[in-house]
Amino acid sequence: MNPFSSSTRLRDMIRSIRACKTAAEERGVVRKECADIRASINENDPHDRHRNLAKLMFIHMLGYPTHFGQMECLKLIASPGFPEKRIGYLGLMLLLDERQEVLMLVTNSLKQDLNHTNQYVVGLALCALGNICSAEMARDLAPEVERLIQFRDPNIRKKAALCSTRIVRKVPDLAENFINAASSLLKEKHHGVLITGVQLCYELCTINDEALEFFRKKCTEGLIKTLRDITNSAYQPEYDVAGITDPFLHIRLLKLLRVLGHGDADASDLMTDILAQVATKTESNKNAGNAVLYECVETIMAIEDTSSLRVLAINILGRFLSNRDNNIRYVALNMLMKAIAFDDQAVQRHRVTILECVKDPDASIRKRALELVSLLVNENNVKQLTKELTDYLEISDEDFKEDLSAKICSIVEKFSPEKIWYIDQMLKVLSEAGKFVKDDVWHALIVVISNASELHGYTVRALYKAVLTYSEQETLVRVAIWCIGEYGDLLVNNVGMLGIEDPITVTECDAVDVVEDAITRHNSDMTTKAMALVALLKLSSRFPSISERIKDVILKQKGSLLLEMQQRAIEFNSIVERHKNIRWSSLVERMPVLDEATFNVRRAGSLPASVSTMAKPSVSIPNGVSAAPLVDLLDLGSDDILAAPSSSSGADFLQDLLGVDLGSSSAQSGATPAPKAGTDLLLDILSIGTPSPAQNSTSAIDLLSTADMNNNSSTALDTLSSSAPPHIATTASAGGMFDLLDGLSPSPSKEATNGPAYPPIVAYESSSLKIEFTFSKPSGNPQTTNVEATFINISPNTFTDFVFQAAVPKFLQLHLDPASSNTLPANGGKVTQNLRVTNSQHGKKSLVMRMRIGYKVNGKDVLEEGQINNFPRGL
Amino acid sequence: MDRLMSLCVPSLNLRMHRSLIDSLEIQSCYLLSEHSCLASGFGSIHFVLLVSRQGKVRLTKWYSPYTQKERSKVIRELSGVILNRGPKLCNFVEWRGYKVVYKRYASLYFCMCIDAEDNELEVLEIIHHYVEILDRYFGSVCELDLIFNFHKAYYILDELLIAGEIQESSKKTVARIISAQDEMVEAAKEEAGSISYIIAQAS
Numbered sequence: 007m008n009p010f011s012s013s014t015r016l017r018d019m020i021r022s023i024r025a026c027k028t029a030a031e032e033r034g035v036v037r038k039e040c041a042d043i044r045a046s047i048n049e050n051d052p053h054d055r056h057r058n059l060a061k062l063m064f065i066h067m068l069g070y071p072t073h074f075g076q077m078e079c080l081k082l083i084a085s086p087g088f089p090e091k092r093i094g095y096l097g098l099m100l101l102l103d104e105r106q107e108v109l110m111l112v113t114n115s116l117k118q119d120l121n122h123t124n125q126y127v128v129g130l131a132l133c134a135l136g137n138i139c140s141a142e143m144a145r146d147l148a149p150e151v152e153r154l155i156q157f158r159d160p161n162i163r164k165k166a167a168l169c170s171t172r173i174v175r176k177v178p179d180l181a182e183n184f185i186n187a188a189s190s191l192l193k194e195k196h197h198g199v200l201i202t203g204v205q206l207c208y209e210l211c212t213i214n215d216e217a218l219e220f221f222r223k224k225c226t227e228g229l230i231k232t233l234r235d236i237t238n239s240a241y242q243p244e245y246d247v248a249g250i251t252d253p254f255l256h257i258r259l260l261k262l263l264r265v266l267g268h269g270d271a272d273a274s275d276l277m278t279d280i281l282a283q284v285a286t287k288t289e290s291n292k293n294a295g296n297a298v299l300y301e302c303v304e305t306i307m308a309i310e311d312t313s314s315l316r317v318l319a320i321n322i323l324g325r326f327l328s329n330r331d332n333n334i335r336y337v338a339l340n341m342l343m344k345a346i347a348f349d350d351q352a353v354q355r356h357r358v359t360i361l362e363c364v365k366d367p368d369a370s371i372r373k374r375a376l377e378l379v380s381l382l383v384n385e386n387n388v389k390q391l392t393k394e395l396t397d398y399l400e401i402s403d404e405d406f407k408e409d410l411s412a413k414i415c416s417i418v419e420k421f422s423p424e425k426i427w428y429i430d431q432m433l434k435v436l437s438e439a440g441k442f443v444k445d446d447v448w449h450a451l452i453v454v455i456s457n458a459s460e461l462h463g464y465t466v467r468a469l470y471k472a473v474l475t476y477s478e479q480e481t482l483v484r485v486a487i488w489c490i491g492e493y494g495d496l497l498v499n500n501v502g503m504l505g506i507e508d509p510i511t512v513t514e515c516d517a518v519d520v521v522e523d524a525i526t527r528h529n530s531d532m533t534t535k536a537m538a539l540v541a542l543l544k545l546s547s548r549f550p551s552i553s554e555r556i557k558d559v560i561l562k563q564k565g566s567l568l569l570e571m572q573q574r575a576i577e578f579n580s581i582v583e584r585h586k587n588i589r590w591s592s593l594v595e596r597m598p599v600l601d602e603a604t605f606n607v608r609r610a611g612s613l614p615a616s617v618s619t620m621a622k623p624s625v626s627i628p629n630g631v632s633a634a635p636l637v638d639l640l641d642l643g644s645d646d647i648l649a650a651p652s653s654s655s656g657a658d659f660l661q662d663l664l665g666v667d668l669g670s671s672s673a674q675s676g677a678t679p680a681p682k683a684g685t686d687l688l689l690d691i692l693s694i695g696t697p698s699p700a701q702n703s704t705s706a707i708d709l710l711s712t713a714d715m716n717n718n719s720s721t722a723l724d725t726l727s728s729s730a731p732p733h734i735a736t737t738a739s740a741g742g743m744f745d746l747l748d749g750l751s752p753s754p755s756k757e758a759t760n761g762p763a764y765p766p767i768v769a770y771e772s773s774s775l776k777i778e779f780t781f782s783k784p785s786g787n788p789q790t791t792n793v794e795a796t797f798i799n800i801s802p803n804t805f806t807d808f809v810f811q812a813a814v815p816k817f818l819q820l821h822l823d824p825a826s827s828n829t830l831p832a833n834g835g836k837v838t839q840n841l842r843v844t845n846s847q848h849g850k851k852s853l854v855m856r857m858r859i860g861y862k863v864n865g866k867d868v869l870e871e872g873q874i875n876n877f878p879r880g881l
Numbered sequence: 054m055d056r057l058m059s060l061c062v063p064s065l066n067l068r069m070h071r072s073l074i075d076s077l078e079i080q081s082c083y084l085l086s087e088h089s090c091l092a093s094g095f096g097s098i099h100f101v102l103l104v105s106r107q108g109k110v111r112l113t114k115w116y117s118p119y120t121q122k123e124r125s126k127v128i129r130e131l132s133g134v135i136l137n138r139g140p141k142l143c144n145f146v147e148w149r150g151y152k153v154v155y156k157r158y159a160s161l162y163f164c165m166c167i168d169a170e171d172n173e174l175e176v177l178e179i180i181h182h183y184v185e186i187l188d189r190y191f192g193s194v195c196e197l198d199l200i201f202n203f204h205k206a207y208y209i210l211d212e213l214l215i216a217g218e219i220q221e222s223s224k225k226t227v228a229r230i231i232s233a234q235d236e237m238v239e240a241a242k243e244e245a246g247s248i249s250y251i252i253a254q255a256s
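These protein sequences, in sequence, are chains A and B. Just so you know, our numbering puts the end of the first sequence at 881, numbered straight through with nothing missing. Just so you know, our numbering puts the end of the second sequence at 256, numbered straight through with nothing missing.
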């Protein structure tokens, strides 16, 4: 039988697989075929290899494992005939990827084939190498490929050029070797070679500055001429696409000109004319023409300022935006985002059209448009834009609400001109898309509400009305019950009515109904239910007349299967039962005003490492009180801060509840000024018996706001419990606690004077960036070093999205505080960041650090890396 | 089986072309930002995917490294997104920080994944370029041609793209190189056929 007539058998297999009615049947056929192929592989008959591999490729496409065929590819590649090699290379590219070690085995065959006398075999090898080569293969075979760029046949030259692009992507160090060969390709007339040559030059320019300089000097004019020739060329049927001669070449030339012109005024000047010509002369009624215009606009926006061209570019985008073709509109939205950077006004003119696009039936267009709108927002138009967006939120698709509501929230938070407007907008979003709103957003809302004391009544009434209609929106319910718990009295009495409000009649029962509803609703989650219980407790003091009913509601949760709920219910029940005997009203006073600044810092710092280190399993609590109720008590305790005059009564009560001897603390609280009493008290409760040196009420408020804002009770508890006995914190390695200790330490001011001084160092310096480190040691802890890093931008460009990352060996522990900013202004702009390094081998090993810095210059990512070895000894 | 381009010589039948193209859709994807950082500056096609309307894979070509597991995941996710997009929508889908440009020809979706900042419109042209070459090679290509001669579709793609970059803008040149190689295979077949014939005769 003819060994190459295997296609009949392949055909048969494909037919029988296609004839399968069910997936199970198909699996059966494939299993049988695979078994046959394995058997055939074991027989090692070279005649069948060709056919086996073809079948395996088909099976592979269906998604079945075919790794057992990998060696067959190598054998086929190593065989002398062209047909075997052709299918062998195809199999190699399909069944393997560059991560597989088998691939290394093929390096030798590839090397031989790259030197083969038949140019089509050379072409196969180049293609395979270009598609899947790994870094090692790239290194090994780069000389061969470099030589082939000069090969006589253009088919090989173009393949070698693209293969080189992959090689330099994999191993950027090799870029220099290719610069000369690449520049010779730019003089070619053959379009294929020219396209690939331009692509290779582009690649080299993006990874190697020398190459960029070289091409900018030597090739800019030539490239402009090439572009002019092809733009003006007569009709060439071979390359014509919808009236444009070779749009692919056009696009590649424009792309290369873009990198050459970017940051270089002279080169930009040279290309002005031809860009203007392309921008005005290109036919825009077909996709091919629009693709060229797209690239041209990109280039105009990237090269150095030539404002007349930019007007042209913006006009093209305006035309794109009003195009009926969805593709073109999509592209326009995408490009306008870049155009905002240099001509905000021109983009603002299209605001109405862009807003329409947010409502497009096409999800891709909606998403782009939404991104663009959020960039268009400023103080002047925020109200109008937000209204449009929130109106649309009502009718938008469910799956779009998440994106849309997140965007609205961020816009509102960033640009809100006044609190009442902010609260109104947030309520709208929560009502329409409450279930998609992230925790930090509604937490922020509560902080704002708590700070807007004149709006408490207004807010709680608005929330009450909203929650009656939109009770299925979880986060709306949470905010509402929190507010009803806090400001329930304002709700029923219509206190603090604003002129714009309609009076409503709400009875105490109505208010409790809402909260009860939240508890009993089956799809409320635990956070909501727990918040509802706290609200009920608070209401029981606000509404003494119906406290019996509230008690009943609380009692129902005694049987809850959730420990948290059960415990809260029982504790709260006992509080309510005994409330007549204690001076009760002060106990569930309103929350103190939450500190907005602290909250924002925490939120912006994206919960820096200090929080996560504190979340480590903590010291057990001395009196053995279990976690949950203690957190609850903290909720109560924090109220005492404002209930200054009667704070000692709270203490008595807590004392009752905990059964802990707090004698000393109440004495102390009497001695300190009233507003701090609660604070001290709280610390005392926690530090049980340790004399509290706390004079710094802000640190305590800090603690409290953690406890309040952070629903993760364990974190809060750890923060508090671990800070309580100071000696534990000192020995603990967790760096985050030193923050707390600084405040509590009896002699914090000695820090600077203690120990030897260390000279500042220049840790890193490159052409654009300088980093300086200054050192200090906290007193009493020689292992720890505080490092203040100063990053100085010594380049003429502004850095944005600046991120500093550092890594240290195992014997060191590193803690990074958030940087003072993520933007470094040009020419000497500074950012500082504090680092804390703990050296467990103090005195034996000195500090060493590896660091990586990422930032954007003109929208382009830059990465710098380095190692810092010049730390002063003895740190 | 529907012809992908209901004509043998594309230039003669532009009207049919257009009507087909009108029914096409493209999508694009965004991958996570760190991925796009890795790939940025590469500006190439990360993979090519041909999926039938029933979700059957007809061709896959990976220019960026994906493990087998990732590959099947990408195919599953993408065909879910793309096949469910209605007609008349734009031909781009944003997904995981990348864009996928897709275009439907009869029963087949041609998809190419690129970076977020790449030229989507050009990729549409590349897809169309590929389809035209297929059409010329098979003579009014249809899905069945690509099923039974899937390796040919790959060979043609390899003459069009290397390392995710376009290597040839002339359809004629691609056709010439492919047929030259096909002839070499035929010649080898004949030779082998005759030898085996001789051997068979001899024994």
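Note that beta-carbon positions come from the ideal geometry of N, C-alpha and C, so glycine has one too.
Per DSSP, the continuous beta strand (DSSP E) segment holding A:Val868 begins and ends at 866-874. Among the residues facing chain A, B:Lys126 is not included, as its CB has no counterpart in that chain under 7 angstroms away. Taking C-beta atoms as the reference points, A:Leu841 and A:Val768 fail to come closer than 7 angstroms. Below the 7 angstroms Cβ cutoff, chain B contributes Ser222 as neighbours of A:Leu255, in chain order. Residues of chain B whose Cβ lies closer than 8 angstroms to the Cβ of A:Pro89 are, in chain order, Met237, Val238, Ala241, Lys242. In the structure shown, A:Gln242 falls within a coil segment according to DSSP collapsed to helix, strand and coil. With a cutoff of 7 angstroms on beta-carbon distance, A:Leu180 and A:Ala141 are scored as not near each other. Residue burial is scored here from C-beta neighbours: B:Gln107 has fewer than 16 other C-beta atoms within 10 angstroms and is therefore classed as exposed.
Residues of the stretch 279-307 of chain A with a Cβ closer than 7 angstroms to any Cβ of chain B, in chain order: Asn293, Ala294, Asn296, Ala297, Tyr300, Glu301. Within chain B, the residues placing a beta-carbon under 9 angstroms from that of A:Lys164 are Ile215, Gln220, Glu221, ordered along the chain. Looking at the backbone, the Cα of B:Lys114 and that of A:Glu78 are separated by about 20 angstroms. Taking a beta-carbon distance threshold of 7 angstroms, B:Tyr207 counts as an interface residue toward chain A. Interface annotation, A:Gln156: not in contact with chain B, CB-CB separation never under 7 angstroms. Rounded to the nearest whole angstrom, the CA to CA distance from A:Glu595 to A:Ser459 is 15 angstroms. Taken in chain order, no unbroken stretch of beta strand (DSSP E) lies wholly in the stretch 213-250 of chain B with a span of 3 residues or more. CA-to-CA, the gap between A:Ala338 and A:Asp350 works out to about 15 angstroms. About 19 angstroms separates the CB atoms of A:Thr278 and A:Leu323; that is not less than 8 angstroms, and the two are not in contact. Rounded to the nearest whole angstrom, the CA to CA distance from A:Lys564 to A:Glu478 is 25 angstroms. Under the DSSP assignment, A:Arg163 falls in the alpha helix (DSSP H) whose first and last residues are 160-176. Annotation: A:Tyr95 to A:Phe810 spans about 44 angstroms, alpha carbon to alpha carbon. Judged by DSSP in its simplified three-state form, A:Asp405 adopts helix. Pairing A:Glu304 with A:Val298, the inter-Cα distance amounts to about 10 angstroms.
A check of alpha carbon separations from B:Arg138 across B:Arg124, B:Lys126, B:Val153, B:Asp168 identifies B:Val153 as the nearest. Among the CB atoms of chain B, none fall inside 7 angstroms of the CB of A:Leu361. Remark: C-beta atoms of A:Arg357 and A:Ala308 do not approach each other more closely than 7 angstroms. Each of A:Arg372, A:Arg24, A:Trp427, A:Leu68 was checked against the Cα of A:Ser402, and the nearest Cα belongs to A:Arg372. A distance below 6 angstroms between beta-carbons, with the five flanking residues on each side excluded, links A:Ala248 to the following residues of its chain, in chain order: Lys292, Ala294. Taking 7 angstroms as the cut-off, the Cβ atoms of A:Ser852 and A:Phe877 count as close.
Straight-line measurement puts the Cα of A:Asn499 at about 16 angstroms from the Cα of A:Gly505. A straight-line Cα-Cα distance of about 12 angstroms links A:Ala763 and A:Ser785. Ranking B:Pro118, B:Ser222, B:Leu112, B:Ala233 by CA distance to the CA of A:Arg175 puts B:Pro118 first.
For B:Trp148, the pairing in a beta bridge is given by DSSP as B:Tyr151.
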